[in-house]
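Chemist:
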Amino acid sequence: MSLLTAPLLDAPDLSDRALARVTARLAETAEHHDRTAEFPWEGIRAVHDAGLLTLAVGTRYGGTPASTVDLVRVFGALGAGDPAVALISAMTALQHAAQDRSGIWPDELYRSVLHDSRERPVLLNAVRAEPEWGAPARGGLPATTIRRDGEDWVLEGRKGFATGSEGLAYHLVWAVDPHGPSGEPELGHAIVPADAEGLRIERTWDHLGQRASSTHDVVYDRVRIPLEHFRGTPRSQLPPESGAAGGFGLAVAALYVGVGRAAQNFFVRFANERVPTSLGRPIATTERIRSVAGEIEAQLVQAEEVLLSLAARVDTGDPQAAERVLAGKLLATRSAVTAVETAVAALGNPGLTRHHPLERHLRDVLASRVHPPQDDAALVILGTRSLAAALR
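The sequence shown maps to residues 30 to 421 in the numbering used here.
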């Protein structure tokens with residue numbers, strides 16, 4: 030596709046003021062969607078209206094791709110409003126960035142996606158995990174298979190944890206052709222329209238946090254797709270799974286730091302408004318609460334500085350920074366969890382009642398631990414690198 034044939038997308042306003050407006054819009058419906066676990070269409074439309082679903086479309090496709098620093102800023106802001114919307118949006122942006130990098134979509138189909146994206150939210154996600162197999166970062170071959178049948182591919186399998194499932198326009202399904210042309214199993218993403226015959230969503234997602242993220246199971250029962258919708262790579266030629274998705278690993282971590290900021294905002298407001306009869310003044314004036322507020326701020330500053338400094342180095346092409354994304358994700362999400370847990374512990378019962386949003390922020394921030402690579406896998410990768418480096 031050339032710039033002459035690609036639809037030109039307006040560059041979104043990424044100023045702090047514009048992002049704050051989006052945060053406020055998402056926050057208006059976050060509690061409702063958390064309680065009902067309904068798909069958060071209002072929030073998704075707000076992100077679309079702000080032009081943020083396509084902020085990673087490459088210049089060769091008519092986009093103005095955001096820097097890694099701006100990705101961290103944007104998804105931090107979205108996470109502060111509604112982390113479920115932020116996560117669904119991040120998955121879509123990640124697929125646009127992947128297309129700019131590797132180009133697995135047929136030109137005509139991707140052109141159609143971008144054309145439609147100007148008018149309405151077009152959600153995309155790579156559907157990779159499986160209930161039995163787990164995530165690709167853990168290794169092994171998926172049970173989901175794709176086989177050629179005449180002029181079509183036939184896809185068969187079951188995927189788990191498909192974020193945004195009920196709202197996706199396209200699923201990019203990680204599958205294996207057991208007998209590829211190379212003579213060995215070939216793996217790749219099959220591009221499947223959400224309305225394809227044989228595709229069925231099973232509402233299995235009933236988690237503590239990220240309840241509105243629609244991360245359900247999807248069954249692909251002999252789904253037929255055109256030949257150009259799948260291109261496999263021999264297993265022996267696949268690069269190792271890092272699980273961090275480059276700068277997007279930092280962006281996903283940032284959305285949980287945004288949750289931490291939302292929790293902090295409630296804590297500060299509550300501390301300034303809460304006046305116990307026995308004290309006669311706001312608890313914010315006590316040394317204990319000031320110390321707790323300082324701990325929360327320190328944890329969040331630490332997380333933001335790690336993410337933003339690494340993001341800036343990624344933007345300059347620093348190869349060492351790219352290797353440290355794993356550590357950045359781990360450290361930032363740990364700090365975000367600590368910040369929210371600190372707020373909850375300090376407030377006691379008011380921190381855990383569903384009459385206040387703090388318990389929701391706690392549930393949501395804990396979901397940061399399940400994104401691949403999970404902490405144990407990340408530590409193994411980091412430790413292996415450091416041990417190998419010592420021998421050089």
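Positions of the beta carbon are idealized from the N, C-alpha and C atoms, including for glycine.
1) Which value, in whole angstroms, describes the spacing of the CA atoms of residue 115 and residue 402?
2) For the region 107-184, list the beta strand (DSSP E) runs that are entirely contained and at least 3 residues long, ordered along the chain.
3) Can you say whether residue 237 is buried or exposed, counting buried as having 16 or more other CB atoms within 10 angstroms of its CB?
4) Please classify residue 390 as buried or exposed, where buried requires at least 16 other C-beta atoms within 10 Å of its C-beta.
5) Rounding to the nearest angstrom, what Cα-Cα distance links residue 51 and residue 207 in this structure?
6) Helix, strand or coil: how does DSSP classify residue 200 here?
7) Kindly indicate the opening and closing residues of the alpha helix (DSSP H) around residue 217.
8) How should residue 290 be labelled, buried or exposed, when 16 other C-beta atoms within 10 angstroms of its C-beta is the threshold for buried?
9) Is the region 220-233 touching the region 246-261 in the sense that three or more CB pairs, one from each, lie closer than 8 Å?
10) What is the DSSP secondary structure of residue 248, counted as helix, strand or coil?
11) Tell me, which residues are paired with residue 228 by DSSP?
12) Compute every distance between the C-beta of residue 320 and the non-hydrogen atoms of the ligand HEM, then say whether any falls below 6 Å.
13) To which residues of the same chain is residue 301 closer than 6 Å at the C-beta, ignoring the five residues directly before and after it?
14) Checking 7 Å against the spacing of the C-beta atoms, do residue 223 and residue 241 come in under that value?
15) Judging by CA-CA distance, which residue of 269, 149, 220, 279 is the nearest neighbour of residue 253?
16) Whole beta strand (DSSP E) runs in the region 328-365 with 3 or more residues, listed along the chain?
17) Note down the Cα distance separating residue 125 from residue 333, rounded to an integer number of angstroms.
18) If you draw a straight line from the C-alpha of residue 322 to the C-alpha of residue 416, how long is it?
19) Could you tell me the distance, in whole angstroms, from the CA atom of residue 408 to the CA atom of residue 278?
20) Given a threshold of 16 other Cβ atoms within 10 Å of its Cβ, counted over all protein chains shown, does residue 40 qualify as buried or as exposed?
21) Does the region 146-153 come into contact with the region 74-92, if we say contact requires no fewer than three beta-carbon pairs (one atom in each stretch) closer than 8 Å?
22) Round the Cβ separation of residue 329 and residue 364 to the nearest angstrom and send it over; I've been treating them as touching at under 8 Å.
23) Straight-line CA distance for residue 156 to residue 185?
24) Short of 8 Å in beta carbon distance, which residues of its chain neighbour residue 30, apart from the five on each side in sequence? Order them along the chain.
Modeler: According to the data block:
1) 19 Å
2) 152-156, 174-178
3) Exposed, since its Cβ has fewer than 16 Cβ neighbours within 10 Å.
4) buried
5) 45 Å
6) strand
7) Careful: residue 217 lies outside any alpha helix (DSSP H), inside the beta strand (DSSP E) at 215-222.
8) buried
9) yes
10) strand
11) Under DSSP, the beta-bridge partners assigned to residue 228 are 249.
12) Inclusion of the ligand HEM in the displayed structure is not the case, the ligand content being empty and no account of it being possible.
13) 311, 313
14) no
15) Considering only alpha carbons, the answer is 220.
16) none
17) 25 Å
18) Cα atoms of residue 322 and residue 416: separation of roughly 38 Å, rounded to the nearest angstrom.
19) 15 Å
20) exposed
21) yes
22) 7 Å
23) The straight-line gap separating the alpha-carbon atoms of residue 156 and residue 185 is approximately 13 Å.
24) Residue placement at residue 30 cannot be trusted, given a pLDDT of 42 that sits under 50; the coordinates are not used to answer.
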